[in-house]
Amino acid sequence: MKTVDARGLSCPEPVLMTRKAVSQGLPMEVYVDHEVALENILRFCYKENLKAEFQKKEEYYLIHIEK
Amino acid sequence: MDRNQKMWMLATGGLTGLFAVLLVRFGNPANMGFCIACFLRDMTGSMKLHQAAVVQYMRPEIAGLILGAFIMSVASKEYQSKGGSSPVTRFVLGILVMIGALMFLGCPLRMVLRLAGGDLNAIAGLLGFVVGIGIGIFFLQKGFSLRRTYVQNPMEGSMMTILISGFFIASLAVPLWFARSTSGPGASAAPWLLALVVGGILGALAYKTRLCTVGGIRDAVMFRDFHLLSGFLAIFVFALVANLVNGTFKIGWTGQPIAHTDFLWNAMGMVLVGFASALLGGCPLRQIILAGGGNSDSAITIFGLLVGAAISHNWGLASSAAGPTPAGKIAVIAGLVITMLIALMNRSKGA
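Given below as structure tokens:
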């Protein structure tokens, strides 16, 4: 499964990376480390009718995206 | 959750518009309830880093904004001390944003407030701002990146909040250390406690909602995501209505408060603000809010904005009601060239 590591990057980069990876196939996972990126990616998925679930880990969030 | 977020964003934008007119009613300069660039410039002047006697005042709104954001970030357990994403480049971009804003005479937030007060010159600013963000988006899509931030000691992320709060308290405790305008925009101010509290409420709300004028246009263009833009529009609508009720709405091009009528240079100043801010990832307001939340890169950007204000006034780059200066025009062109070089030199293949 494709994974994108967007930790430490500020918006809009995490969303841009996610969009690019989504266009290359699903399912996929994204790592982000702040709430702004998490919210923006979840909002992107909602608008694109993608199913997104996230888990809060120790120092980051793992978002799983599928159709 | 989505609906909830929308309501918070509209409420924050709406309150910002109302608060801005309220602060003007209680003494702030006209169409300048909030102006992050102007207030940072006033702060720079109050610390005697520039000598423009009419714009020197330690603005309580700035201390309120950063404290509000800091408290909200701690309360929501989101405070994170982070930094290290091209700090010197951000410092330079901060300088350039200020040079552009002082060509136009306002940050993007004041641009919206000027529009809501009937100042049609702000249309030129808005056009330039959108063009500038458009250029920034082009480079973002080509892989522009200032690279990753890293976790730092918690103290590092709170230094800017402590510093700005400290300067503000010192300005109350030992006024002799600070310059204070006796005429001009720097002399027009709402009572400090009101300005501080209003700034604090806005800081907390802007942190919670991520309100950002640059992000609003950027996300609308890049992702057809109108969430942040809705906050931007709410500022305009509520400030417009409040100005109409308050009798402070005066539509026209000439005789507008703390503004000039040079269409081209109003636009060019905001092209620079939009372009450089898009590369920074947020408008001056957003930089203050992020700094409150522990982002030391945004703190560095604020230092850049402060230095930019000192340069603008010490070198005669800032416009006045009479219009832009020749040196200011050269500085804006040079700023655009430097921003373009930064955009070209920071492309990462992995993005």
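Those sequence lines, one after another, are chains W and G. With positions in the first sequence counted from 1, the corresponding number in my numbering is that position plus 1011. With positions in the second sequence counted from 1, the corresponding number in my numbering is that position plus 9. From the three backbone atoms N, C-alpha and C, an ideal C-beta is built for every residue, glycine too.
Listed by chain order, chain W residues near residue i by CB distance under 8 angstroms
i        : result
G:Phe232 : Pro1023, Val1026, Arg1030, Phe1055, Lys1058
G:Asp11  : Arg1054, Tyr1057
Chain G residues whose Cβ lies nearer than 7 angstroms to that of residue i
i         : result
W:Val1047 : Arg219
Residues that residue i bridges to, as DSSP identifies them
i         : result
G:Ser272  : Correcting the residue identity first, residue 272 of chain G is Phe in this sequence and not Ser. Answer by DSSP bridge pairing: none, since G:Phe272 is not bridged.
W:Val1015 : W:Val1041
G:Asn355  : BP columns for G:Asn355 are empty, so no partner.
W:Leu1073 : W:Tyr1042, W:Gln1066
G:Gly92   : G:Tyr159
G:Gly332  : G:Ser329
9 angstroms Cβ cut-off: residues of chain W touching residue i
i        : result
G:Ser239 : In chain order: nothing, as chain W lies at least about 12 angstroms away.
G:Gly290 : Ser1021, Cys1022, Pro1023, Glu1024
G:Leu135 : Within chain W, no residue comes near G:Leu135; the closest Cβ sits about 21 angstroms away, beyond 9 angstroms.
G:Leu149 : Pro1023, Glu1024, Leu1027
Closer than 7 angstroms at the beta carbon, the chain W residues around residue i
i        : result
G:His236 : Arg1054
G:Arg227 : Pro1023
Cutoff 8 angstroms: residue i Cβ touching any chain B Cβ
i        : result
G:Arg123 : The structure shown contains no chain B; its protein chains are W and G.
What residues in the stretch 297-308 of chain G have a beta carbon less than 7 angstroms from any beta carbon of chain W? Going along the stretch 297-308 of chain G in chain order, one finds no residue with a Cβ nearer than 7 angstroms to chain W.
With contact counted as at least three CB pairs below 8 angstroms, one residue from each stretch, are the stretch 276-285 of chain G and the stretch 132-141 of chain G in contact? yes
Within the stretch 124-160 of chain G, note down every full beta strand (DSSP E) run reaching 3 residues or more, in order along the chain. none
Which residues of the stretch 155-176 of chain G have a Cβ closer than 9 angstroms to any Cβ of chain W? Give them in chain order. For the stretch 155-176 of chain G, which is checked against every Cβ of chain W, the residues closer than 9 angstroms are Leu155, Arg156, Arg157, Thr158, Tyr159, Val160.
Inter-stretch contact at 8 angstroms, needing at least 3 Cβ pairs: the stretch 105-117 of chain G / the stretch 28-46 of chain G: yes
Decide if the stretch 190-208 of chain G is in contact with the stretch 69-76 of chain G; the criterion is three or more beta carbon pairs, one per stretch, under 8 angstroms apart. The stretch 190-208 of chain G vs the stretch 69-76 of chain G: in contact.
For the stretch 237-253 of chain G against the stretch 15-31 of chain G, do three or more pairs of beta-carbon atoms, one drawn from each stretch, fall closer than 8 angstroms, so that the two count as touching? yes
Hey, is the stretch 313-324 of chain G in contact with the stretch 56-68 of chain G, meaning 3+ C-beta pairs nearer than 8 angstroms? Using a C-beta cut-off of 8 angstroms, the stretch 313-324 of chain G makes contact with the stretch 56-68 of chain G, since at least three inter-stretch Cβ pairs fall below that distance.
Meets three-Cβ-pair contact criterion under 8 angstroms: the stretch 90-110 of chain G and the stretch 122-134 of chain G: With a cut-off of 8 angstroms, the stretch 122-134 of chain G and the stretch 90-110 of chain G do not count as touching, because too few Cβ pairs lie within range.
Along the stretch 89-108 of chain G, where does the CB come closer than 9 angstroms to a CB of chain W? Name the residues. Those residues of the stretch 89-108 of chain G placed with their C-beta closer than 9 angstroms to a C-beta in chain W are Gln89, Lys91, Gly93, Ser94, ordered along the chain.
Should the stretch 14-24 of chain G be called in touch with the stretch 148-163 of chain G, which here means at least 3 C-beta pairs below 8 angstroms? no
Which full runs of the alpha helix (DSSP H) of 4+ residues lie inside the stretch 30-66 of chain G, going along the chain? 45-55
Check whether the stretch 156-165 of chain G and the stretch 303-311 of chain G touch, using three or more Cβ-Cβ pairs below 8 angstroms as the test. Yes, they touch.
Any C-beta of chain W within less than 8 angstroms: which residues of the stretch 111-124 of chain G qualify? none
Between the stretch 1059-1078 of chain W and the stretch 1025-1041 of chain W, do three or more beta carbon pairs fall short of 8 angstroms? yes
Counting beta carbon pairs with one atom in the stretch 222-242 of chain G and one in the stretch 89-98 of chain G, are three or more of them shorter than 8 angstroms? no
Which runs of the alpha helix (DSSP H) at least 4 residues long sit entirely within the stretch 241-312 of chain G? Give them in chain order. 272-289, 293-301
The stretch 74-92 of chain G / the stretch 290-297 of chain G touching (three or more Cβ pairs under 8 angstroms): The stretch 290-297 of chain G and the stretch 74-92 of chain G touch, with three or more beta-carbon pairs separated by less than 8 angstroms.
Three CB pairs or more closer than 8 angstroms across the stretch 264-278 of chain G and the stretch 334-343 of chain G: Yes: the two stretches touch, three or more of their Cβ pairs being nearer than 8 angstroms.
Could you list the residues in the stretch 62-91 of chain G with a C-beta less than 7 angstroms from some C-beta on chain W, going in chain order? Going along the stretch 62-91 of chain G in chain order, one finds Glu87, Gln89 with a Cβ nearer than 7 angstroms to chain W.
Sequence ranges, beta strand (DSSP E) only - wholly within the stretch 167-215 of chain G, length at least 3: none
Given 8 angstroms as the limit, is there contact between the stretch 1058-1068 of chain W and the stretch 171-180 of chain G, that is, 3 or more CB pairs closer than that? Touching, no.
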